[in-house]
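Protein chains: 2
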Amino acid sequence: MNEFSFIEYLKKTIRVPNRIPVGIGDDAAVLNIEKGKQLVVSTDAIVENVDFILKTSGRCLSLPAKRSNLRDRHAPKGLAMTALSPEKIGRKALAINLSDMAAMGAKPTAFVITIGKPSYITSRWLARFYKGLLKLAKQYRVSCVGGDFSRSKEFFANVTILGEVSSHHVVTRSGAMVGDWIAVTGTLGGSLLHHHYDFTPRISEGLFLAQHFTPTAMIDISDGLCQDLSHILKASGVGARLDLERIPVSADSKKMSHGNAKKALTRALSDGEDFELLMTVPPWQKMMLEKSWKKKFPSTPLTWIGKIEGKKPLIHWHFNQQPVPGPQLSQKGYAHF
Amino acid sequence: MNEFSFIEYLKKTIRVPNRIPVGIGDDAAVLNIEKGKQLVVSTDAIVENVDFILKTSGRCLSLPAKRSNLRDRHAPKGLAMTALSPEKIGRKALAINLSDMAAMGAKPTAFVITIGKPSYITSRWLARFYKGLLKLAKQYRVSCVGGDFSRSKEFFANVTILGEVSSHHVVTRSGAMVGDWIAVTGTLGGSLLHHHYDFTPRISEGLFLAQHFTPTAMIDISDGLCQDLSHILKASGVGARLDLERIPVSADSKKMSHGNAKKALTRALSDGEDFELLMTVPPWQKMMLEKSWKKKFPSTPLTWIGKIEGKKPLIHWHFNQQPVPGPQLSQKGYAHF
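First to last, the protein sequences are chains A and B. So for the first sequence, the numbering used here puts the first residue at 1; every next one is plus one. So for the second sequence, the numbering used here puts the first residue at 1; every next one is plus one.
Below, the structure is given as structure tokens:
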């Protein structure tokens, strides 16, 4: 199957809804934007040997190789390597982009995807990749409206996602204010076991927060809680107090740390790829949000982990109300190069 | 320089205009779309060893390696390899996307870019890449509004571009009708010499055509005239007659063919990366377009090369009014994998 017959295959596979006047197969796609909405755009790539490892035998082994220190020193034997199907890699390529939309309080609508295809990737493998990708796309009602193919030495998939948001609902990283509470969805750490590819993008949660409350800042945790909180602090020009005993440590983080609580906490702070929402909320909204959250999302925890304090973009660590030195992180998060 | 300090550098370098409420550095950018406009989106990547070759010594050698038959068999010695600066590679990464907007009759507004960065690419090299990219962006008034960085084994740059078009002005590939004239801008072939990186994206021409005329189909020539015309024919469900003596063969095509007219013509039909506009125009607009084109774009030829004929998506070749067999093309254009 060459590129053009594969595009034909995709055109047949992908149903483009009526609201998209021109879809796959032209020089560009054309989209209608709803009245009173703003356009939100974000891009995120996954790259072989960085975000996953492929085995050319047909079976895929995946590990976030970028977190190589986890693999080498901390991961229990036989756990770090998770056999990943092409469907799961396809799912992840879209899911990480949906997560960015969630962090803006935006509703994703459409995406384009560029594939870098090495010779050892078969059309069959690629069709399975698209199967995983398009299943998630259907679930979240986002349309694949175009893309590009290139040859490459290693596989990569770059998704650019488009979404809509009402201008008064958009949530950036830069609005956190002294006195705001800091909250996080779900539990953190140990994403390496399976969460990094099967996580649920927090689209509903992001939309709910943006439409019914006024979070002052929001980000999705991809690089690790510490690092992503630092992004908010720098963008907002504020500091934070974090209560270590409140950090929601995941069961996988504990599992990977063999019951060592300190190690598990460190993972929750720095592993990354949690794709949970980290936000700051005005103090007067805390109780109401807590109450309505439990009704709306009974199975997704929302945890208050600290407060915005001071003007320097630093994290002040507390444990049971006492200031403590910052935890020794094996790494402070992921640096992309 | 790590990723975050490089993003800081870019935030300072890139001025985001007021019409973009949220630019670089958040989870996503937010854009205002003008009233009565539709959003146009397209994505196109350049990949090392496919679209260019890098020399790690700091000097860059570039050739479209994908057209390896040109390099190996046809290119004059010492001509196939053109030393390309990082600025030129950066320029090309954006220019090929602008060309897609031109083909839709759209006005480009903003773009996001994903960089795959191997260890041998320095921050200094990347800064020069961005310099070339942003110079072209400024020229065409498109804003860089976000991106992603990843490590990778070979360098790649994937741009997703956004544009606007009035819904009654959008030009797709699928509207060509029997009786339409086929026209092409500029001259074709031999892009390997320099045109593939220093071409002028036909944005003004595309906008002019879409706003003042009603081209029934349009495409930019990236894969070669034959192949790109076939895309129009398939999408429109029509055939075409091409007049070989009318094809505007470029001086570079002749130069690369050492004066062999047949070879030069073959290049014009199949080399690709011309990034000229190929369009079909209703017969009653031909004279008026010809006249106003000469006034508006005196230095850019517009050449009538044939007509839409028949219902089968085939090209019928003519030379001086006589049917001739199709030319023997060394390749019919570029297949991406």
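Glycine is no exception: its CB is placed at the ideal position from the N, C-alpha and C atoms.
Are residue i and residue j close, meaning C-beta to C-beta below 8 Å?
i                         : j                            : result
glycine 189 of chain B    : alanine 103 of chain B       : no
aspartate 184 of chain B  : glutamate 273 of chain B     : This sequence places valine at residue 184 of chain B; aspartate is not what is there. Going by C-beta atoms, valine 184 of chain B is not nearer than 8 Å to glutamate 273 of chain B.
valine 249 of chain B     : phenylalanine 156 of chain B : no
threonine 303 of chain B  : arginine 246 of chain B      : yes
threonine 109 of chain A  : leucine 162 of chain A       : yes
glycine 326 of chain A    : aspartate 243 of chain A     : no
lysine 37 of chain B      : serine 166 of chain B        : yes
asparagine 158 of chain B : asparagine 158 of chain A    : yes
glutamate 164 of chain A  : leucine 39 of chain A        : yes
methionine 218 of chain A : glycine 105 of chain A       : yes
leucine 54 of chain B     : tyrosine 130 of chain B      : no
isoleucine 96 of chain A  : tyrosine 140 of chain A      : no
leucine 31 of chain B     : valine 30 of chain A         : no
threonine 122 of chain A  : alanine 176 of chain A       : no
valine 22 of chain A      : valine 170 of chain B        : yes
leucine 278 of chain B    : leucine 225 of chain B       : yes
serine 253 of chain A     : aspartate 228 of chain A     : no
Give the range of the beta strand (DSSP E) segment to which residue i is assigned.
i                        : result
threonine 266 of chain A : No beta strand (DSSP E) contains threonine 266 of chain A, which is instead part of the alpha helix (DSSP H) from 261-270.
alanine 217 of chain A   : 217-220
glycine 306 of chain B   : 302-308
alanine 106 of chain B   : Looking at the DSSP string, alanine 106 of chain B is not in any beta strand (DSSP E), and its letter there is neither H nor E.
valine 145 of chain B    : 143-151
Which value, in whole angstroms, describes the spacing of the CA atoms of residue i and residue j?
i                            : j                            : result
phenylalanine 208 of chain A : phenylalanine 6 of chain B   : 34 Å
alanine 93 of chain B        : proline 118 of chain B       : 17 Å
histidine 258 of chain B     : threonine 13 of chain B      : 45 Å
aspartate 198 of chain B     : threonine 214 of chain A     : 48 Å
aspartate 51 of chain B      : methionine 256 of chain A    : 43 Å
isoleucine 33 of chain A     : isoleucine 89 of chain A     : 30 Å
lysine 291 of chain A        : lysine 107 of chain A        : 24 Å
threonine 160 of chain B     : alanine 251 of chain B       : 32 Å
serine 152 of chain B        : glycine 116 of chain A       : 11 Å
glutamate 87 of chain B      : arginine 124 of chain B      : 11 Å
isoleucine 221 of chain B    : alanine 28 of chain A        : 14 Å
serine 99 of chain B         : leucine 269 of chain B       : 19 Å
glutamine 322 of chain B     : arginine 241 of chain B      : 11 Å
histidine 168 of chain A     : tryptophan 181 of chain A    : 21 Å
threonine 300 of chain B     : valine 178 of chain B        : 27 Å
isoleucine 20 of chain B     : phenylalanine 111 of chain B : 12 Å
arginine 128 of chain B      : histidine 316 of chain A     : 39 Å
arginine 91 of chain B       : methionine 101 of chain B    : 16 Å
glycine 186 of chain A       : threonine 200 of chain B     : 50 Å
Could you please give the first and the last residue of the uninterrupted alpha helix (DSSP H) stretch that includes residue i?
i                        : result
serine 123 of chain A    : 123-139
glutamate 205 of chain A : 203-212
alanine 251 of chain B   : 251-256
My output table needs one value for residue i: the three-state DSSP class, helix, strand or coil.
i                          : result
arginine 246 of chain B    : helix
glutamine 285 of chain A   : helix
aspartate 360 of chain A   : Since the first residue shown for chain A is 1 and the last is 337, residue 360 of chain A is missing from the structure and cannot be characterised.
aspartate 72 of chain A    : In this prediction, aspartate 72 of chain A has a pLDDT of 33, which is less than 50 and means its spatial position is unreliable; what the coordinates show is noted afterwards. Looking at aspartate 72 of chain A - three-state DSSP - the assignment turns out to be helix.
arginine 91 of chain A     : helix
isoleucine 113 of chain A  : strand
threonine 200 of chain B   : coil
methionine 177 of chain A  : coil
isoleucine 96 of chain B   : helix
leucine 162 of chain A     : strand
leucine 39 of chain A      : strand
threonine 185 of chain A   : strand
leucine 350 of chain B     : Any property of residue 350 of chain B remains undetermined from this structure, which presents chain B solely from 1 to 337.
phenylalanine 6 of chain A : helix
alanine 338 of chain B     : Outside the displayed range of chain B (1 to 337) lies residue 338 of chain B, so it cannot be described from this structure.
proline 323 of chain B     : strand
alanine 28 of chain A      : coil
threonine 13 of chain A    : helix
leucine 233 of chain A     : helix
arginine 67 of chain B     : With a pLDDT of 43 at arginine 67 of chain B, under the threshold of 50, the modelled position of that residue is not reliable, and no figure is offered here.
Would the region 147-154 of chain B count as touching the region 190-197 of chain B if we require 3 or more Cβ pairs under 8 Å? no
Are there three or more Cβ pairs, one per stretch, closer than 8 Å when the region 253-270 of chain A is compared with the region 281-299 of chain A? Flag = no, the region 253-270 of chain A and the region 281-299 of chain A do not touch.
Stretch pair the region 295-302 of chain B + the region 227-242 of chain B: three plus CB contacts closer than 8 Å: no
Counting pairs of Cβ atoms below 8 Å between the region 302-316 of chain B and the region 129-139 of chain B, do you hit three or more? no
Contacting positions in the region 136-159 of chain B - beta carbon closer than 8 Å to chain C: The chain labelled as chain C is not found among the protein chains of the depicted structure, namely A and B.
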